[in-house]
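Residue numbers (this note's numbering), protein chains in the order written: chain U, 309 to 614; chain V, 96 to 708.
Okay, structure first, notes after.
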């Protein structure tokens with residue numbers, strides 16, 4: 309029974325992941341007063357890409373071929389480490405939130421290698437920039453998660469339940485995590501998902517050589533990575549899930565609360581994306597340093613007992 | 096006082112010594128197997144035999160260093176180890192670079208030995224014995240100021256050998272100059288003997304008596320790991336890059352150990368044991384993956400005759416086995432799950448976390464800084480190894496040299512394959528490894544660890560089972576494989592098979608994409624060079640080669656970085672040394688009368704001062 313609930317939790321998050329991206333795009337179009345795509349468009353895209361043939365560069369080695377599978381598997385395993393309403397994660401004994409961060413790094417490592425595999429100048433540039441942004445984002449993610457874990461007393465997401473009101477430090481950590489999630493999910497002001505110019509791409513540039521099914525796999529991995537970040541932010545800081553999730557009403561309430569928080573974050577992301585311009589690459593360091601200072605502040609406030 | 100020198104060739108095989116013997120043996124055997132294939136054909140036979148004899152003696156000297164129980168014998172073994180490795184560094188003595196590297200190495204290492212010798216004679220003066228256990232017993236009553244002096248001398252002396260910033264400058268010279276299996280041994284285990292020295296003399300014999308000592312080690316460790324990885328990012332020579340990563344990894348090892356010494360003085364026993372074990376775990380992991388990476392770099396060098404990444408590329412097609420080995424080594428050193436580097440970094444993070452959890456406010460903030468530094472280090476290391484693997488093995492060949500590359504002979508493959516297996520084994524059987532390391536930590540810290548269990552079984556780590564904190568690389572590997580399998584199966588079932596066509600890389604319709612359009616190592620690291628420009632102080636030189644006043648035939652563009660430590664520490668130091676010796680030369684007039692006068696004056700001074708005693 310427990311296992312089934314955990315599986316349901318995992319599947320719900322995985323299934324909702326593209327919807328969040330679709331929702332953000334839809335909302336952005338609404339704010340700009342454009343008539344854009346449907347909210348379900350990411351699902352159509354994935355279904356179309358999964359059935360399409362691929363063109364693979366003649367310079368590519370097996371690295372380019374295996375990377376999408378590694379990236380998706382790493383993201384799915386990371387998703388399995390989260391616990392939102394089942395009271396425990398699907399994947400147990402394998403690791404904790406620190407493993408989750410390292411798993412995302414694993415996916416990124418392979419994707420950056422795939423970028424260097426084809427001998428294209430654009431994909432190589434994408435790899436360089438992605439690793440650049442990521443290496444400054446990594447301390448922020450670690451420090452924020454560290455702060456939240458310190459206040460919860462454990463790094464295991466399954467033991468996080470039963471916290472209704474977050475302290476100041478967790479809220480600060482959540483803000484830092486949100487800022488860094490903009491960078492990690494390649495959104496404005498660090499990166500731009502909608503760009504069509506190779507020179508301005510970061511994340512998209514790395515995947516430039518992919519087409520068809522493997523591109524679809526990479527896109528679904530990106531959706532999942534986004535929902536992982538949103539779930540951590542929602543889960544840790546903006547009023548945790550209802551304690552002791554026994555019985556169906558509590559489950560329902562928890563699921564509703566989680567979705568509300570995730571889509572709330574999506575609204576904020578959309579507003580941020582519409583109202584800001586993309587920064588110069590080296591400004592991103594300042595942006596991430598600011599996020600880092602916030603995450604450090606959250607540990608300091610925690611140490612002061614706030 | 097009994098005899099002046101009690102030099103007994105006794106051995107001390109406690110868990111600490113045994114651990115280091117295991118580490119040295121685990122790397123020496125594959126490196127030795129590898130060396131036959133590596134040296135064959137490149138050097139005359141007599142030279143190879145000579146080199147192999149020195150290598151065996153070098154390994155024996157390292158084994159002596161970690162197992163003797165007499166301080167004086169330790170010093171002899173230590174010196175022997177340094178000298179033998181010097182001969183191996185200058186093995187390519189027809190290259191001027193090697194000789195220069197050897198000189199820098201021998202000068203630096205003797206600087207360290209000078210500090211150690213001073214410390215050892217101070218110990219002898221106080222204890223009257225060179226025996227480890229006797230010294231440990233009598234140093235317990237040593238007054239605080241002398242203890243602090245001893246700590247400073249020992250730490251400086253060993254830090255030079257360990258390559259801790261700012262004493263690291265010999266590493267990027269010496270490691271690339273030596274043959275690759277010697278680089279593997281020097282980087283993988285020789286610099287670890289300095290860690291052994293720190294643990295044996297500072298922690299075990301001298302004892303830690305306040306928090307500042309651990310904190311000092313932690314701060315040096317943080318600076319070392321960050322500076323090491325930033326310099327590594329700027330390097331385009333594979334072996335120099337790896338040498339800088341040794342500086343970084345020594346920093347990570349000492350982060351765990353420094354944190355442990357802080358925790359133990361704050362009474363946090365379990366986090367202290369965890370942190371010490373994490374440091375030791377990273378030590379053995381670093382020996383495995385850095386050894387592997389150096390051997391792979393040697394394999395590349397042997398078949399392409401260059402170590403410059405700007406001239407390599409596309410080797411994954413031609414040297415498939417070396418590429419896989421290098422990829423596994425890169426993933427391990429970048430702390431990617433489920434490999435061994437990840438396990439020890441996870442343990443270090445967990446030690447910081449558990450220490451901060453039960454520590455006071457100050458410790459929480461300090462640990463937060465450590466967490467941020469370690470995370471930044473591992474992020475930058477991942478970027479660096481994307482560069483190292485991607486530029487060397489992927490893409491198109493950047494010059495003619497990699498075109499003729501061939502896979503290495505069997506003996507080299509065996510050496511690399513063994514270390515790949517070691518990397519995997521150390522990760523998957525992490526519970527069993529940690530169980531042994533907890534015993535070693537108990538021996539170092541001098542506490543009873545019989546009731547401290549940090550692992551659930553042989554495959555699952557459990558630093559804090561009450562709070563549900565577990566880690567199992569084996570489980571992570573299984574789950575990753577299951578997800579890969581499920582993805583392939585689901586796509587095949589729901590969307591059927593698809594065709595893969597081969598096409599050209601996207602080139603904006605240029606149709607002439609070749610290796611000159613590829614991203615370069617310099618380009619890859621440019622964002623990092625600019626972001627860390629406050630530390631690296633990059634500058635460039637542009638040179639115009641003119642055919643006539645009006646016609647510029649070539650435009651040469653070089654980018655350099657300034658080594659802060661060389662410019663602001665070593666150059667003034669060397670200049671000062673030369674200035675002092677020039678001043679000293681003034682009293683040498685070359686006249687025998689004046690020299691007799693000097694002797695006379697010295698004798699008078701001696702007579703006056705001796706009377707006091």
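Glycine included, C-beta positions come from ideal geometry on N, C-alpha and C.
Under 8 Å Cβ to Cβ from residue 104 of chain V, same chain only, skipping five residues before and after it: list those, please.
-> In the second chain, the residue the question calls residue 104 of chain V occupies position 9. 163, 165, 168.
Distance between residue 589 of chain U and residue 579 of chain V (C-alpha atoms, nearest Å) | Reading the second chain from its first residue, position 484 is the one you call residue 579 of chain V. Reading the first chain from its first residue, position 281 is the one you call residue 589 of chain U. Straight-line Cα distance between these residues: approximately 34 Å.
Looking at the unbroken beta strand (DSSP E) that takes in residue 565 of chain V, where does it start and where does it end?
-> Here residue 565 of chain V refers to the residue found at position 470 when the second chain is read from its first residue. Residues 564-566.
Alpha-carbon to alpha-carbon, residue 421 of chain V and residue 97 of chain V | For the purposes of this step, residue 97 of chain V is taken as the residue at position 2 of the second chain. For the purposes of this step, residue 421 of chain V is taken as the residue at position 326 of the second chain. Its pLDDT being 46, under 50, residue 97 of chain V is placed unreliably by the model, and the measurement read from it follows with that caveat. Going from the Cα of residue 97 of chain V to the Cα of residue 421 of chain V covers about 56 Å.
Does any residue of chain V bring its CB to less than 9 Å from the CB of residue 404 of chain U?
-> To locate residue 404 of chain U, count along the first chain from 1; it is residue 96. So, interface residue.
CA-CA distance, residue 375 of chain V and residue 268 of chain V?
-> As a working mapping, residue 375 of chain V is identified with position 280 in the second chain. As a working mapping, residue 268 of chain V is identified with position 173 in the second chain. Cα to Cα, residue 375 of chain V sits roughly 26 Å from residue 268 of chain V.
Taking Cβ to Cβ, would you say residue 476 of chain V is nearer than 9 Å to residue 395 of chain V?
-> Here the question's residue 476 of chain V lines up with position 381 in the second chain. Here the question's residue 395 of chain V lines up with position 300 in the second chain. Their beta carbons are not under 9 Å apart, which means residue 476 of chain V does not touch residue 395 of chain V by this criterion.
Anything in chain U within Cβ reach of residue 565 of chain V, meaning under 8 Å, just list it in chain order.
-> Taking the first residue of the second chain as 1, we reach residue 565 of chain V at position 470. In chain order: 400, 401, 402, 403, 404, 464.
Closest by C-alpha distance to residue 83 of chain V, when choosing among U:447, U:434, U:388 | Absent from the structure is residue 83 of chain V, since the part of chain V shown begins at 96 and ends at 708.
Uninterrupted alpha helix (DSSP H) stretches inside the stretch 361-391 of chain U (no shorter than 4 residues) | 370-388
Please list, in chain order, all residues of the same chain as residue 708 of chain V whose beta carbon is under 8 Å from its beta carbon, the five residues on each side excluded.
-> The residue labelled residue 708 of chain V in the question sits at position 613 within the second chain. Bear in mind that the predicted position of residue 708 of chain V carries a pLDDT of just 48, short of 50, making it unreliable; the figure below should be weighed with that in mind. Contacts found: none.
Would you say residue 385 of chain U faces chain V, with C-beta separation under 9 Å as the test?
-> For the purposes of this step, residue 385 of chain U is taken as the residue at position 77 of the first chain. Answer yes: the Cβ-Cβ gap between residue 385 of chain U and chain V drops below 9 Å somewhere.
Starting from the C-beta of residue 45 of chain V, find all residues in its chain whose C-beta is less than 7 Å away, skip the five residues before and the five after it, and write them out in chain order.
-> The structure shown does not extend to residue 45 of chain V, since chain V is modelled only from 96 to 708, so the question has no answer here.
Should residue 614 of chain V be flagged as near chain U, meaning a C-beta pair shorter than 9 Å?
-> Here residue 614 of chain V corresponds to residue number 519 of the second chain, with the count starting at 1. Judged by the 9 Å Cβ criterion, residue 614 of chain V is in contact with chain U.
Can you tell which of V:208, V:130, V:139 has its C-alpha closest to the C-alpha of residue 151 of chain V?
-> For the purposes of this step, residue 151 of chain V is taken as residue 56 along the second chain, with counting starting at 1. If we check each option's Cα against that of residue 151 of chain V, V:130 comes out closest.
Count the CB pairs spanning the stretch 513-523 of chain V and the stretch 378-396 of chain V that are closer than 8 Å, and state whether there are at least three.
-> yes
Determine the direct distance from the alpha carbon of residue 376 of chain U to that of residue 415 of chain U, and round the result to whole angstroms.
-> On the first chain, residue 415 of chain U is found 107 positions in, with the first residue counted as 1. On the first chain, residue 376 of chain U is found 68 positions in, with the first residue counted as 1. Computed Cα separation, rounded: 8 Å.
Cβ of residue 122 of chain V within 9 Å of Cβ of residue 337 of chain V?
-> Working through the second chain from its first residue, we reach residue 122 of chain V at position 27. Working through the second chain from its first residue, we reach residue 337 of chain V at position 242. No; because the gap between Cβ atoms is not below 9 Å, this pair is not in contact.
Kindly give me the distance between the Cβ atoms of residue 423 of chain V and residue 488 of chain V, rounded to whole angstroms, as I take these residues to be in contact under 8 Å.
-> As a working note, residue 423 of chain V is residue 328 in the second chain. As a working note, residue 488 of chain V is residue 393 in the second chain. Actually they are not in contact, since the Cβ atoms of residue 423 of chain V and residue 488 of chain V sit about 12 Å apart, beyond 8 Å.
Is it a yes or a no for the stretch 319-332 of chain U touching the stretch 523-538 of chain U, going by three-plus beta-carbon pairs under 8 Å?
-> yes
Hey, would you say residue 273 of chain V sits closer than 9 Å to residue 454 of chain U, going by beta carbons?
-> The residue given as residue 273 of chain V occupies position 178 in the second chain. The residue given as residue 454 of chain U occupies position 146 in the first chain. No, Cβ-Cβ distance for residue 273 of chain V and residue 454 of chain U is not below 9 Å.
Give a yes or no on whether 9 Å exceeds the smallest Cβ distance from residue 620 of chain U to chain V.
-> Past the edges of chain U, shown from 309 to 614, lies residue 620 of chain U, and the structure says nothing about it.
Round the Cβ separation of residue 390 of chain V and residue 276 of chain V to the nearest angstrom and send it over; I've been treating them as touching at under 8 Å.
-> In the second chain, the residue the question calls residue 390 of chain V occupies position 295. In the second chain, the residue the question calls residue 276 of chain V occupies position 181. Yes, they are in contact, since the Cβ atoms of residue 390 of chain V and residue 276 of chain V sit about 7 Å apart, within 8 Å.
Helix, strand or coil for residue 721 of chain V, going by three-state DSSP, please let me know.
-> Nothing can be reported for residue 721 of chain V: it is not among the residues displayed for chain V, which extend from 96 to 708.
In the DSSP assignment, find the alpha helix (DSSP H) that holds residue 433 of chain V and state where it starts and stops.
-> As a first step, residue 433 of chain V must be located in the second chain, where it is residue number 338. Per DSSP, residue 433 of chain V belongs to no alpha helix (DSSP H) and is neither H nor E.
Look up residue 165 of chain V in the DSSP assignment and say whether it is helix, strand or coil.
-> By 1-based counting over the second chain, the position of residue 165 of chain V is 70. Residue state, collapsed to three classes: strand.
Contact under 9 Å by Cβ, residue 402 of chain U with residue 565 of chain V | Taking the first residue of the first chain as 1, we reach residue 402 of chain U at position 94. Taking the first residue of the second chain as 1, we reach residue 565 of chain V at position 470. In this structure, residue 565 of chain V lies closer than 9 Å to residue 402 of chain U by Cβ.
Taking any Cβ of chain U, which residues in the stretch 123-153 of chain V have a Cβ under 7 Å from it, in chain order?
-> none
Have a look at residue 173 of chain V and residue 107 of chain V and give me their C-alpha separation to the nearest angstrom.
-> To locate residue 173 of chain V, count along the second chain from 1; it is residue 78. To locate residue 107 of chain V, count along the second chain from 1; it is residue 12. C-alpha separation (whole angstroms): 16 Å.
Inter-stretch contact at 8 Å, needing at least 3 Cβ pairs: the stretch 589-599 of chain U / the stretch 123-143 of chain V | no
Inter-stretch contact at 8 Å, needing at least 3 Cβ pairs: the stretch 312-326 of chain V / the stretch 213-233 of chain V | no
With a floor of 3 residues, list each beta strand (DSSP E) that falls wholly inside the stretch 656-699 of chain V, ordered by position along the chain.
-> none
What residues in the stretch 577-591 of chain U bring their beta carbon closer than 7 Å to a beta carbon of chain V?
-> 589, 590
Residue 647 of chain V - DSSP class collapsed to helix/strand/coil | Counting from 1 along the second chain, the entry for residue 647 of chain V is found at position 552. Note: residue 647 of chain V maps to strand in three-state DSSP.
Which chain U residues sit within Cβ distance under 7 Å of residue 303 of chain V?
-> Here residue 303 of chain V is taken as the residue at index 208 of the second chain, counted from 1. Within chain U, no residue comes near residue 303 of chain V; the closest Cβ sits about 24 Å away, beyond 7 Å.
Report the option in V:467, V:435, V:667, V:648 whose CA atom is closest to the CA atom of residue 567 of chain V.
-> Counting from 1 along the second chain, the entry for residue 567 of chain V is found at position 472. Residue V:435 is the option with its Cα nearest to residue 567 of chain V.
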